[in-house]
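Single-structure report; data block below.
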Ligand code: ATP
């Protein structure tokens, strides 16, 4: 994996693409994340798994700037991001596809995609990006004149990912992309994630589909009640007794 070289304070330094260092996030007096650290190298797929309510979405919201940690720090390409706003983080190329897709249901597939390229980093190259994205998702090319709400659940998830790609991400966060999809569609979705990663996009994947997510991921984390309890290569986590018992029904 490539660690990125960055010029920081006049010195060349090797940095992770994303580094979260000991963050705590609280709602009111309640700690949702407690001293959470993680790192993602350029080019990796990293999976974050854990039970409902563990704090996975909160962690993704923190990385995207939607909530701010009360302590700890976060760096993206060597630059502190924990005080930045969501649009500032987005302009750096760190894009999140939220759980639940949030499409524009009464607009066509093409309109949803075009609206995806609203940010400064993507506007000028909108037409070029649209061609690339429709090449990755032939099903959306076929359905480009259809209203988003008339797509199947799987197709809507593809559209949500495609719309995020319209922003030309260098780092993509996917929050529970396989939720509610038929098994065949889940397999297709994971293939798409692999393809997007091969095209050069680093991916942080939150999933309850533990087996498939860890099989795909270079590295995985297990988050339980706001704390990282395990970190290892994806395939090694699949062999971990604790993971097998708690998440794989073995
Ligand atoms: P799931 O897989 O069910 O989506 P998760 O691991 O993503 O769960 P979060 O959605 O991050 O977990 O929620 C972690 C905890 O934080 C939960 O107990 C939730 O009720 C709480 N929580 C989340 N958002 C808020 C909020 N805005 N205000 C108060 N509590 C919140």
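Residue numbers (the working numbering): 119 to 368.
Built from N, CA and C at the ideal position, the CB exists for glycine as well.
These numbers were taken from a predicted model, which means no experiment stands behind them.
When the Cα atoms are used, what is the spatial distance from residue i to residue j?
i	j	result
residue 305	residue 354	21 Å
residue 195	residue 213	14 Å
residue 242	residue 283	14 Å
residue 188	residue 261	45 Å
residue 362	residue 368	5 Å
residue 279	residue 215	6 Å
residue 226	residue 281	12 Å
residue 311	residue 318	11 Å
residue 247	residue 149	41 Å
residue 234	residue 265	15 Å
residue 259	residue 365	37 Å
residue 308	residue 334	8 Å
residue 202	residue 190	14 Å
residue 138	residue 171	20 Å
Less than 8 Å separating the beta-carbons of residue i and residue j?
i	j	result
residue 158	residue 290	no
residue 155	residue 140	yes
residue 272	residue 303	yes
residue 331	residue 285	no
residue 143	residue 175	no
residue 244	residue 209	no
Does the Cβ of residue i have 16 or more other Cβ atoms within 10 Å, making it buried, or fewer, making it exposed?
i	result
residue 300	exposed
residue 325	buried
residue 316	exposed
residue 223	exposed
residue 206	exposed
residue 341	buried
residue 219	buried
residue 86	Nothing can be reported for residue 86, as the shown portion of the chain is limited to 119 through 368.
residue 437	Because residue 437 is not part of the residues shown, which for the chain are 119 to 368, the question remains open.
residue 200	buried
residue 296	buried
residue 250	exposed
residue 104	The question about residue 104 has no answer, for the chain in this structure spans 119 to 368.
residue 145	exposed
residue 320	buried
Please list the terminal residues of the continuous alpha helix (DSSP H) segment that includes residue i.
i	result
residue 275	271-283
residue 363	359-365
residue 308	301-316
residue 226	Neither: residue 226 is in no alpha helix (DSSP H) and is coded neither H nor E.
residue 347	First-last for residue 347: 345-351, but that is the beta strand (DSSP E), not the alpha helix (DSSP H).
residue 288	First-last for residue 288: undefined, no H or E at that position.
residue 206	204-209
residue 235	First-last for residue 235: undefined, no H or E at that position.
Between which two residues does the beta strand (DSSP E) containing residue i stretch?
i	result
residue 148	148-158
residue 175	Per DSSP, residue 175 belongs to no beta strand (DSSP E); it is in the alpha helix (DSSP H), 174-182.
residue 165	163-167
residue 142	136-145
residue 243	No beta strand (DSSP E) holds residue 243; DSSP gives it neither H nor E.
residue 338	337-342
residue 214	212-215
residue 325	320-325
residue 193	189-194
Does residue i come within less than 8 Å of chain C when only Cβ atoms are used?
i	result
residue 195	Checking the listed chains, one finds no chain C in this structure; it contains a single protein chain.
* Asked: Near the ligand ATP, which residues have their beta-carbon less than 6 Å from any of its heavy atoms, given in chain order?
  -> 145, 150, 168, 170, 171, 172, 173, 174, 175, 176
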